[in-house]
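These notes are about the structure you will find just below.
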Amino acid sequence: MISTRFHGRGGQGAVIASKLLASALFREGWQVQAFPSFGAERTGAPVMAFLRCDHARINEHYQVYEPDFVVVLDPVLLGSVNVTAGLREGGWVIVNTSRTPDEMAIDGAFKVATCDGTAIALEHGLGSRTTPIVNTAMAGAFAAATGLVTLDAVLDTIPDYVPANVAANQQAARDAFGRTLVGGMALAAPPGR
60 MISTRFHGRG GQGAVIASKL LASALFREGW QVQAFPSFGA ERTGAPVMAF LRCDHARINE
120 HYQVYEPDFV VVLDPVLLGS VNVTAGLREG GWVIVNTSRT PDEMAIDGAF KVATCDGTAI
180 ALEHGLGSRT TPIVNTAMAG AFAAATGLVT LDAVLDTIPD YVPANVAANQ QAARDAFGRT
240 LVGGMALAAP PGR
């Protein structure tokens, strides 16, 4: 089983990102499970969401304590939340930031991928200048960094979970897929350009 934990703030779309990716993985033959965990249910409060996928039936029904992947939608959380708690050795941390993976100070034997989901969301008018919605961009970054799900499956799933501004959200995912960095190297050229 492959497990992912999302860290974000209310309003950034962490819960939708986990559900969108679960649906995209399901389209590609995976068994999936996605669910949120809220503290104070308000915009700006820290939020976690969880995603499990496997080719066999999933019987666990609790939070993900030992993820293979961690997706951080708000880089400020890196200074206040131990986002790598329980992350398996060799696991991935995928961060919404303008910094390169080599500039990130993340302790541990982890692989780091970065993508400036905030800039991408702002380019496409997703959310507001003060609260950009980065979920579709980070779903594209997840597809690029992990290779678990295709970009096409993510793009096909976006209308089901983000029915407003479908074209802008799909382009945000495409752009993020093309701008995701691992060790300072771009993983792929943006498709559809």
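For the sequence shown, our numbering assigns the number 60 to the initial residue and increments by one for each residue that follows. Ideal Cβ placement from N, Cα and C applies to all residues, glycine included.
Can you check which of these residues, the options, is closest to residue i by C-alpha distance?
i: I217; options: A76, A93, L136, P134; result: A76
i: M107; options: N118, I192, G72, L79; result: G72
i: Y124; options: F65, L240, V208, V91; result: F65
i: H120; options: F128, P126, A212, R111; result: R111
i: V152; options: G138, D211, V131, V208; result: V131
i: G70; options: A204, G186, S82, S96; result: G186
Run the CB neighbour count on residue i, radius 10 Å, all protein chains shown included, and call it buried at 16 or more, exposed below.
i: G199; result: buried
i: P250; result: Confidence in P250 is poor, its pLDDT being 43 and thus under 50, which makes the residue's placement unreliable; the coordinate value appears in the next sentence. The residue is exposed, with fewer than 16 neighbouring Cβ atoms inside 10 Å.
i: A248; result: Model confidence at A248 stands at a pLDDT of 45, short of 50, so the residue's coordinates are unreliable; what they give is reported in the following sentence. So A248 counts as exposed.
i: S62; result: buried
In terms of residues, what are the limits of the beta strand (DSSP E) holding residue i?
i: A172; result: 170 to 174
i: P105; result: 105 to 113
i: N155; result: 151 to 155
i: I61; result: 61 to 68
What are the start and end residues of the alpha helix (DSSP H) that includes residue i?
i: V193; result: First-last for V193: undefined, no H or E at that position.
i: T262; result: Here the chain comprises residues numbered 60 to 252, so residue 262 is not present and cannot be evaluated.
i: V140; result: From DSSP, V140 is part of no alpha helix (DSSP H); its letter is neither H nor E.
i: V74; result: 73 to 86
Look at residue i and residue j and say whether their C-beta atoms are less than 8 Å apart.
i: R68; j: D133; result: yes
i: A223; j: I179; result: no
i: N141; j: M197; result: no
i: A172; j: P191; result: no
i: E182; j: A168; result: no
i: Q90; j: H114; result: yes
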